[in-house]
Amino acid sequence: PLMPVAVSSTRDPFAAPTIPTNLQATVVPQKTIAAKSSVGSQPVVTLPQPVQYTPIPQTISVRPLPAIPVAPPPMPPVSRTNLADSIALTGVIQTGNQISAIVLDTDGTSRYVQVGEKLANGEVTVKKINVNGGNPSIVLVQNGVELIKAVGKTEGSIAQTF
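So the number in the working numbering is just where the residue sits in the sequence shown, counting from 1, plus 10.
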């Protein structure tokens, strides 16, 4: 025997819902105002209802965003001998067997120095004072770089890096 199967509908479950077409519009009567007059009865005049509008919100002007500043280019690397470069050799003096150099230090003071002394707050060492030849010079060491300065010259030359 066959089993009874319940068949409810063959309607597509994914179809759009149907809207009934037998709708009737109902008209709501407008408010009537009867004018009172002593002249008898006049026809009743219906006035249209005023349309209610929602107020338009106020627009607020927005300030433009500030421009993003462009980063400045990176600074050039600091010289490894910047302090030794700023020391000036103004003279060399020999008294007996002792040789001293007259230098203008980074703080602007002039002083006598000998081999092994420190300048520029201990950052620069006097390695050698040369009096041979007609132009005396001094060898300064900063950060492992030897810099040769001659008397009266503002620029020094790098002798050796170690």
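Here a beta-carbon is modelled for each residue, glycine too, at the ideal position from N, C-alpha and C.
The criterion of a C-beta distance shorter than 8 Å is satisfied by residue 152 and residue 134. Straight across, the Cα-Cα distance linking residue 90 with residue 75 is about 43 Å. Note on geometry: alpha-carbon atoms of residue 144 and residue 102 lie some 12 Å from one another. Assignment of residue 93 by DSSP, reduced to helix, strand and coil, places it in the helix class.
As DSSP reads the structure, residue 152 sits in a beta bridge with 155.
The C-beta separation of residue 155 from residue 138 comes to about 14 Å, leaving the pair out of contact by the 8 Å criterion.
Per DSSP, the continuous beta strand (DSSP E) segment holding residue 101 begins and ends at 98-105.
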